[in-house]
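Just so we're aligned, residue 11 is where the sequence shown starts under my numbering, counting upward by one. Here the structure is laid out as structure tokens; the discussion comes afterwards.
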Amino acid sequence: MNPTAPLPERAAEFRTRFAALEAEIGKVIVGQRDTVRGVLTGLFVGGHVLLEGVPGLGKTLLVRTLADALALSFNRIQFTPDLMPSDVTGTNIITESADGKRDFRFQTGPLFAQIVLADEINRATPKTQSALLEAMQEHSVTVAGVVRILDEPFFVLATQNPIEQEGTYPLPEAQLDRFLFKLQVPFTTREELMAVLDRTTRGDAGRASKVMDGAEVATWRRLIRDEVIVPTPVKDYAVRLLLGTHPGSPFAVPEVNRFVRAGGSPRGAQALLLAAKVRAVLDGRFNASFDDVKQAVKPSLRHRVLLNFEAQAENMASDAVLDAVLTGVKEREG
11 MNPTAPLPER AAEFRTRFAA LEAEIGKVIV GQRDTVRGVL TGLFVGGHVL
61 LEGVPGLGKT LLVRTLADAL ALSFNRIQFT PDLMPSDVTG TNIITESADG
111 KRDFRFQTGP LFAQIVLADE INRATPKTQS ALLEAMQEHS VTVAGVVRIL
161 DEPFFVLATQ NPIEQEGTYP LPEAQLDRFL FKLQVPFTTR EELMAVLDRT
211 TRGDAGRASK VMDGAEVATW RRLIRDEVIV PTPVKDYAVR LLLGTHPGSP
261 FAVPEVNRFV RAGGSPRGAQ ALLLAAKVRA VLDGRFNASF DDVKQAVKPS
311 LRHRVLLNFE AQAENMASDA VLDAVLTGVK EREG
């Protein structure tokens, strides 16, 4: 991409490259278009993504395929109850040279990759889960007082099973807040399942080829963050939506006051605007709209809205609360 080219030309190239990346992933992943687009949105704005779905829906395969299409280094961490923080970050080990001298050498853990899959993240203890916090926020790892910077782009995708309870440790609120999106991976349709069976039982599943590299991803990140505009009324709408998730707020609807224990953080508003920017460019515009923000509400806020015991007793989901917020908070005040 020519960085001096006019914005419309660069935006058009981004749409072309985004579509090429989607198409390459589609050679391996059947369906799941919204999930793929959500993951790519997180990638191009520099946010991490949490994937929630029952086993066998291709979550792990999606992450591996993304790494292939981007030619980025990839590591998978299988989270289990006995996993230790040093198994994730790495640790100092004693080495002995040929002349008998001993020294400490840092052995990197699987976290030192550009795309990291934290598989079944809720099966590890909170202490091990927290080993990801610094990496996700600061893009660095500190071991024995030494800070080590991770290679860019650094992107964490975590998976969890929504129906498995035994032997799991729900992610704490502070860690959930580090994920830009929480995407719910739906079960495949009849037609999609037929295609999956054709690909996986006949030996022609295929593998994605390289479409772009890390330097190009960084270029598109700058385009999205620095050059796509969010008009003040749209920004104010995103702020009111976020405040509408807080009980007692002037913008809170009755469902929020009744069922919500705590609303979204400022990171939620950041996620709304960044996702809206990507959607605007993909739609051929250079400024985000009210509708762009609306489409980003559920993936951006569903994991940031904490429900109370009454909501659990009523089997009220966070998405249903967010639907009420979208209905109650108008695009413009008055």
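No residue lacks a Cβ here, since even glycine has one placed at the ideal position from N, Cα and C. All values derive from a computational prediction rather than experimental measurement.
Ignore the nearest five residues each way along the sequence and tell me which others in residue i's own chain have a CB closer than 6 angstroms to its CB.
{"i": "residue 334", "result": "263, 265"}
{"i": "residue 170", "result": "62, 131, 132"}
{"i": "residue 49", "result": "59"}
{"i": "residue 72", "result": "39"}
{"i": "residue 106", "result": "112"}
{"i": "residue 178", "result": "132, 133"}
For residue i and residue j, I'd like the C-alpha separation in whole angstroms.
{"i": "residue 297", "j": "residue 98", "result": "40 angstroms"}
{"i": "residue 168", "j": "residue 130", "result": "7 angstroms"}
{"i": "residue 128", "j": "residue 28", "result": "24 angstroms"}
{"i": "residue 322", "j": "residue 282", "result": "26 angstroms"}
{"i": "residue 308", "j": "residue 329", "result": "6 angstroms"}
{"i": "residue 148", "j": "residue 116", "result": "20 angstroms"}
{"i": "residue 172", "j": "residue 303", "result": "26 angstroms"}
{"i": "residue 300", "j": "residue 52", "result": "20 angstroms"}
{"i": "residue 220", "j": "residue 26", "result": "15 angstroms"}
{"i": "residue 33", "j": "residue 218", "result": "9 angstroms"}
{"i": "residue 229", "j": "residue 56", "result": "12 angstroms"}
{"i": "residue 190", "j": "residue 153", "result": "26 angstroms"}
{"i": "residue 311", "j": "residue 104", "result": "45 angstroms"}
{"i": "residue 37", "j": "residue 271", "result": "43 angstroms"}
{"i": "residue 192", "j": "residue 47", "result": "13 angstroms"}
For residue i, which residues of its own chain have a beta-carbon under 8 angstroms away from its beta-carbon, when the five flanking residues on both sides are left out?
{"i": "residue 223", "result": "80, 81, 82"}
{"i": "residue 339", "result": "247, 250, 251, 254, 261, 263"}
{"i": "residue 138", "result": "89, 93, 94, 95, 97, 98"}
{"i": "residue 121", "result": "85, 87, 98, 99, 100, 141, 142, 145, 151, 160"}
{"i": "residue 70", "result": "86, 127, 129, 169"}
{"i": "residue 54", "result": "28, 227, 230, 231, 234, 288"}
Apart from the five residues just before and just after residue i, which ones in its own chain have a Cβ nearer than 7 angstroms to its Cβ?
{"i": "residue 320", "result": "268, 269"}
{"i": "residue 347", "result": "Coverage of the chain is limited to positions 11 through 344, which leaves residue 347 absent and any answer about it impossible."}
So, under 8 angstroms CB-CB, residue i and residue j are touching, yes? Tell me the CB distance rounded to an integer number of Å.
{"i": "residue 243", "j": "residue 342", "result": "6 angstroms"}
{"i": "residue 8", "j": "residue 273", "result": "The question about residue 8 has no answer, for the chain in this structure spans 11 to 344."}
{"i": "residue 315", "j": "residue 331", "result": "6 angstroms"}
{"i": "residue 91", "j": "residue 135", "result": "6 angstroms"}
Inside the stretch 253-293 only - beta strand (DSSP E) runs reaching at least 3 residues: 270-272
Starting from the N-terminal side, write out each stretch of the beta strand (DSSP E) that is 3 residues or longer and does not extend beyond the stretch 97-137. List check, beta strand (DSSP E) in window: 100-106, 112-118, 125-129.
Count the CB pairs spanning the stretch 274-291 and the stretch 225-236 that are closer than 8 angstroms, and state whether there are at least three. yes
Say whether the stretch 183-203 touches the stretch 134-148, bearing in mind that this needs 3 or more beta-carbon pairs closer than 8 angstroms, one atom from each stretch. The answer is yes - the stretch 134-148 touches the stretch 183-203, with three or more Cβ pairs under 8 angstroms.
Write down every uninterrupted run of the alpha helix (DSSP H) in the stretch 220-255 whose length is 4 residues or greater and which is fully enclosed by it, in chain order. 224-237, 242-253
What are the complete beta strand (DSSP E) segments, minimum 3 residues, inside the stretch 158-199? Those beta strand (DSSP E) runs which fall completely within the stretch 158-199 and span 3+ residues are 165-170, 189-194.
Report yes or no: do three or more beta-carbon pairs, one from the stretch 28-48 and one from the stretch 198-213, lie closer than 8 angstroms? yes
Length at least 4, wholly inside the stretch 11-44: the alpha helix (DSSP H) runs in chain order: 17-36
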